[in-house]
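Q: In our numbering, the protein residues as written are 177 to 319. I have a structure here, written as structure tokens, and I will follow up with some questions on it.
Okay, structure coming up:
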């Protein structure tokens, strides 16, 4: 998660909202890593989680990321939580909760919705203070 926090800090330096994500294989090796690139790409779907899920699937040659773990510095939004569910990752670990848009426990829990055909184990709060601090500092500087 510390690596993701460094990536998130870099995103903030580039003017992106400081959020980053990693996909890690069962052996602990990083398959994909990235940070938000919505401004850079003028793409509302260029969230860190979506970018790493796409890259991991491309590298592995399979859209099913069974056995892999998704790490994110912020609780995923509806789009990112949905992408994680569809990718079949069994575990999602996030740092800071997102009370305004988080869909893995804050507003709703898409990752555990029984109506979907796949559910994800969610672990939140890992280095949450550090991640939240990056976000608070970023938005404070914007005001």
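We put the CB at the ideal spot given by N, CA and C, even for glycine.
I believe residue 211 touches residue 192 by the beta-carbon criterion, under 8 angstroms. Please report the beta-carbon distance rounded to the nearest angstrom.
A: So it is a contact: roughly 6 angstroms between Cβ atoms.
Q: Using a Cβ-Cβ cut-off of 6 angstroms (strictly less than) and excluding sequence neighbours within five positions of residue 288, which residues of its own chain qualify?
A: Contacts found: 295.
Q: Anyone know if the C-beta pair for residue 307 and residue 249 falls short of 7 angstroms?
A: Cβ atoms of residue 307 and residue 249: closer than 7 angstroms.
Q: With a threshold of 8 angstroms on Cβ separation, who are the neighbours of residue 181 within its own chain once the five nearest residues in sequence on each side are excluded?
A: Only 196, 249, 271, 303, 306, 307, 310 meet the Cβ criterion.
Q: Work out the CA separation of residue 190 and residue 215 for me, nearest whole Å.
A: Their backbone Cα atoms lie some 9 angstroms apart in a straight line.
Q: In the DSSP assignment, find the beta strand (DSSP E) that holds residue 271 and state where it starts and stops.
A: Element bounds for residue 271: 267-272.
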